[in-house]
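Note sheet for the following structure.
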Amino acid sequence: MAKHHIEATVNGDAVEFLCETEETLLDVLRDTLNLTGSKEGCASGDCGACSVMLDGRLVCSCLVLGCEVSGRKVETIEGMAKGESLHPLQQQFLKSAALQCGICTPGVLVASKALLERSPNPTETEVRYWLAGNLCRCTGYDKIVSAVMDAAATMRKG
Amino acid sequence: MTETNGHANGQSNGHPQGFVGTRQIRPDGVDKVTGRARFGADFNLPGQLIGRVLRSPHAHARIVSIDTSKAEALPGVKAVITREDFADQPSEFIPAGEMMMNYKDVVRNVMAREKALYEGHAVAAVAATSTAIARRALKLIDVKYEVLPHVIDVVEAMRPDAPLLHDDLFTVGVEPKPEKPSNIAKRVEIKVGDVEAGFKKADLIVEREFKTAPVHQGYIEPHAALATVSEDGSTELWTTTQGHFIVRAHCARLLGLDMGKVRVTATEIGGGFGGKTVVYLEPLAIALSRKAKRPVKMVMSREEVFKASGPTSGATVRVKLGATRDGKFVAAFAELKYQAGAFQGSPVQPGTMCAYAPYDIEHVHVIGYDVVSNRPKVAAYRAPGAPISEYAVESVVDEIAKKLGLDPIELRMMNAAHEGTKAAYGPKFGPIGLEETLNSIKKTEHWNTPLRKWQGRGVASGFWFNIGGETSVSLTVNEDGTISLMAGTPDIGGLRAALTSVVADELGVPYEKVRPIIGDTGSLGFNFLTGGSRSAFSGSMAIVEAAKQIKNELIARACKLWEAKPDQVEFKDGAVRPLGALAEKVKPMTIAEFAKISGKLGGPIGGVGRINAQGAGPSFGTHLVDLEVDPETGRTTILRYTVAQDAGRALHPAYVEGQFQGGAVQGIGWALNEEYIYGEDGKLQNAGFLDYRMPVASDVPMIDAILVEVGNPKHPYGVRGVGETPIVPPLGAIANAMESATGIRFTELPMSPPKVLKALKEQGRNKA
Amino acid sequence: MRYEAPESLEGAVALLASAKDARVLAGGTDLLVQMRADVLDPELIVDIKKIPETRAVTEEKGGWRIGAAVTGAELKEHPRLKKVWPGVIEAANLIGSTQVQGRATMGGNLCNGSPAADSVPALIAAGAVATLVGPKGKRDLPVEDVMLGPRKLALERGEIVASFFLPPRPARSSDAYLRFIPRTEMDIAVVGAGVSLTVDGAGIVTAARVSLGAVAARVLLVAEAAQAIVGSRLDAAAQDRLEAAARAVCRPIDDKRGTTEFRIQVAGVLARRAALIALDRARSN
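Chains as they are written, first to last, in this note's numbering: chain A, 24 to 181; chain B, 3 to 770; chain C, 21 to 305.
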């Protein structure tokens, strides 16, 4: 069975890869493109650790097939920092100790960035409901939510 | 929002305070926020094979035969292993975290031998050139099972006519010794005074029975291991684990290898909470790699994590507590029955010891039963055993408060253990912070905020012993004066940040000049695992030792260089400084200056701390929760939550708060929605995050953390472990808040909506 | 396993008819999970997202035609749909998480065949009609007639749901969807209730449709519940009648998500609450 030959853009770079039909975008990112920042926590769309942006839309990469991204734009955690500067969210997470083990952190950061791009001044409730698909077992979410709101304030100041 | 509550017993035990106690950026942080940090499944080796496990579909079955021939013949399959590939192990108990396990059981849990003892029990494993081929190969393995009746519930499993899991299991701890085997592995007991006499003195006795369901630690990262074995038996293993030295010991033992030939690297770990203190995939990956002569990578699916790792016990607990009408507890009894899973070793012993530990009671009698049943073998889960027993006790304490018309905090204060109290389980407490946590809660705005209808407030206290244990660290001064720290306990949640602050303060160097790593088993002396809330406590203690060696060495070198005597110099703020008259002759020399000429003065500069850390101090906590119940649906919303816990001395306050908050939310899940749901067939029905319902961000409010610091006099910085206590009070606090909101005492966890609605409906009160 | 992404409905139909075990891929939020769990192992996956009709949201004859593969997130972002059909939009946006809503579609939600699907009670209450396209051509089917039971659809071999038609809205009409889940998000509905209604200038309900999910083998259109409130102001007595009618039709299962008695009890509560929200919205329309 011949593999699919896919061309797409990942974090601004043109990429080409081969994949089987049943391989998900998460499988492709991790095993073929060596972008292991997106994590597999459940492979069923229930934990958000695999969150990426697909054509500007926040999705679980475990729920997208590799062959579905032909000609599309994918953004992962690896593309969040620009050169040597961390994104304000990344900086705030470090300042606020908004991570403990760090396994959920890439997914949470990608999801939070998507939120702030749509809603630069979210309420605490909005942040919590937006991030409901990102499970965290270590932090109890408190410092994550604070960090997102503090980063939002920083970003609003420009 | 946090507050820090004073220092008792000497601020920093004589140690300089610079970075310790401040909120530094964790040194491993940038890698974690950029996706660069490599967790278990992020490691790969060229030419690696993918390993997958065939698991029993039956809860209890004799394994009659296993035919792997078709699987072995499938192109792409390079190795297949079964029970034949593991030598049997004689019975020998070894410590695993805070529990004990037996190698005879370990080898059988890793790969089933005579029987499959739970749905998900490993029966065979394959290594193949792709995941697809590995999965196909599993389907080609023909296992003949003789299905047996199964039992899961602990009370059912204790019945004399229950299906028997092990015909060589005879209850230990009962007299006379039983003649027939049973599912009751052990009976434990602690006894102080005479409870019967004590109860006679009580004006009020409350007796209740409670039930909890098995719950999982819920770490987001599944187990993963990558093994490569050379032709001479040298083995390299990368695994996500809380204890790579323990992994090495287990694998060496199970596979007949010299420990020195097995080098285990602990990858970054995506959560453990006790569930990653044992081995599952590691021995399989090594055995497969040895057979296939290629590296083998194995990662559990989420379903496998739920079915085949180590969820904690479900239990039945009976509590009987007697008090005078003034509220003094006079007699305390409890009987705990804990599931161990397929092999013995539930945390019933610590559960027994913790049950009444927060209180100073003259007569105490607690009995515990360790019972096997057809579900996965229990592994530790954050303060193992204590959340269950303290849920029961704190519920009864609350009931006593209500019946006597006493404030629940005052009642606890009246009976609180304090310095000098002899705990029922043996030791006399040194300085402890229970009363401080109770007072902290009492002073909060939270405690004093009025409640509305269908809202309730609950408070509960809890405790964990904490441990020290064997620890090795190495401190090296690099030629440019920067410091390399190598610790040996995997960093689950900010350890490196805390230890870096300690090194920086011990040596008087800037925080950024210290770089910590977690060394592999080939690079350091033995380290007991990250568990028992020990890694910051023990690691910092070992660092003090290592730093002392460096300081002494630098002083010796300075004396030689300056032709001075030791009493003419001192080490302070990162340099050796001349004192008195000598100061007019020579200038201070920094660590970096010594490092530059280290070759000339005797060689590389470093220190090693190899200790068996003693003096761990218990950490007490008190939790306060407000919740609201929707009487028409039984749904509960947590409105507000405050944690006050004694950290002794917070090396890094933010990560200590993080432990408080994370444990509280795990407790919220355990109290309200998490449970293992088994069908009549003994199969797990909710083996995924969809139906195993852990709290999501919108389920919980901010968790206010109050840092109490009653210094531990036995630690150079006053540190107490903090990681486990936070999960102990929530179950009781939430059950008490539910009673406050509904007037109904829920004695079964989780307090899920169908249960709550049923109870309200029975009283005709399911209306707004 | 083959993957094809046809660009026309006819192309999709031909592909589906060509393979013994072919599956439609829209959002993939059910299909991929079932494939990973070894529940499904199709030989052909037909991705319909390149077919314009499945992705369009257009006004038609005073109503709205929504492509079967429009995602919940896109529905939420549509400037006008929320005002006309807030219940349908909120239902589609309760499925899973933000990430899932970025992919999940109402077509997939319906054709997955789960009586607990969130968007289906809202669509049924709305009086939505599914347009099916198959080898024999095009036909329309009210949404309540599409799902016959768990994983059982009224679709013939080779037929797909291409779009949904939501009828024109009289003035002072609105809808609402509520579900019961034990957490605040991320659970499958234990009970779902969709209510759509119209009131007159005096506040009297002149038309209503009530639909219940997760309380029977299929999503129910509960005529008796609607009758219970038509002609009333949704006063306390009408609410009681609505609750009783809702409860009377429930034939739920006992499973890991809820007991039979719990579902029956809560079905009444949610029907009432959803009706009150719809009424409130309708009055301001």
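Cβ coordinates follow ideal geometry from the N, Cα and C atoms, glycine included. Note that the structure is predicted; figures quoted are calculated from it, not measured.
I believe residue i touches residue j by the beta-carbon criterion, under 8 Å. Please report the beta-carbon distance rounded to the nearest angstrom.
i        : j        : result
Thr354/B : Val190/B : 6 Å
Asp195/C : Ile201/C : Rounded, the Cβ-Cβ distance is 20 Å, inconsistent with contact.
Asp44/B  : Ala289/B : With 8 Å as the limit, Asp44/B and Ala289/B do not qualify as a contact, their Cβ atoms being about 23 Å apart.
Ala88/C  : Ala25/C  : Between Ala25/C and Ala88/C the Cβ distance is about 15 Å, and since that is not below 8 Å, they are no contact.
Ile494/B : Cys127/A : That pair is no contact at about 13 Å.
Leu47/B  : Thr230/B : 6 Å
Ala159/B : Val350/B : Not really, about 13 Å apart at Cβ, beyond 8 Å.
Gly623/B : Val461/B : About 11 Å separates the two Cβ atoms, so there is no contact after all.
Ala294/C : Gly214/C : 7 Å
Leu286/C : Val239/C : The sequence shown places Val at residue 286/C, not Leu. Not confirmed; about 16 Å, so no contact.
Ile593/B : Val511/B : 6 Å
Lys193/B : His420/B : Not quite, the Cβ-Cβ distance comes to about 22 Å (not below 8 Å), so this is no contact.
By the 10 Å Cβ neighbour count, where 16 or more other Cβ atoms means buried, how is residue i classified, buried or exposed?
i        : result
Leu41/A  : exposed
Glu148/B : exposed
Gly221/C : exposed
Glu205/C : buried
Asn675/B : buried
Met102/B : exposed
Thr84/B  : buried
Arg64/B  : exposed
Gly235/B : exposed
Asp160/C : exposed
For residue i, which three-state DSSP category applies?
i        : result
Phe431/B : coil
Gly324/B : strand
Leu762/B : helix
Pro97/B  : strand
Gly60/A  : coil
Tyr197/C : strand
Gln285/C : helix
Ile552/B : helix
Glu30/A  : strand
Trp153/A : helix
Cβ atoms of residue j and residue i: under 9 Å apart, would you say?
i        : j        : result
Gly68/A  : Val53/C  : yes
Leu150/B : His62/B  : yes
Gly490/B : His246/B : yes
Leu436/B : Ser397/B : no
His123/B : Arg25/B  : no
Ala176/A : Leu154/A : no
Gly127/C : Ala93/C  : no
Leu48/A  : Thr59/A  : no
Ala251/B : Thr314/B : no
Lys293/B : Ala81/B  : yes
Glu337/B : Pro360/B : no
Ala121/A : Lys180/A : no
Can you list the residues of chain E that residue i reaches, using a CB-CB cut of under 8 Å?
i        : result
Val289/C : No chain E appears in the structure shown, which is made up of the protein chains A, B and C.
### Message
When you compare the segment 103-111 of chain C with the segment 61-68 of chain C, are there three or more beta-carbon pairs, one atom per stretch, that lie closer than 8 Å?
### Response
no
### Task
Give a yes or no on contact between the segment 687-696 of chain B and the segment 504-512 of chain B, applying the rule of three or more CB pairs nearer than 8 Å.
no
### Message
Measuring CB atoms only, is the segment 744-757 of chain B touching the segment 411-420 of chain B, in the sense that at least three cross pairs come out at less than 8 Å?
### Response
no
### Message
Using a Cβ distance threshold of 8 Å, determine whether the segment 618-637 of chain B contacts the segment 718-735 of chain B, with at least three qualifying pairs required.
### Response
yes
### Meets three-Cβ-pair contact criterion under 8 Å: the segment 724-731 of chain B and the segment 462-481 of chain B
yes
### Message
Whether or not the segment 168-185 of chain C and the segment 131-141 of chain C are in contact is what I'm after, with contact meaning three or more pairs of Cβ atoms, one per stretch, closer than 8 Å; do they touch?
### Response
yes
### Query
Are at least three pairs of beta-carbons, each pair with one atom in the segment 608-619 of chain B and one in the segment 444-460 of chain B, less than 8 Å apart?
no
### Three CB pairs or more closer than 8 Å across the segment 142-151 of chain A and the segment 94-103 of chain A
no
### Query
Does the pairing of the segment 201-212 of chain B with the segment 259-270 of chain B give three or more beta-carbon distances under 8 Å?
no
### Task
Please confirm if the segment 215-226 of chain B is in contact with the segment 670-688 of chain B, defined as three or more CB-CB distances below 8 Å between the two stretches.
yes
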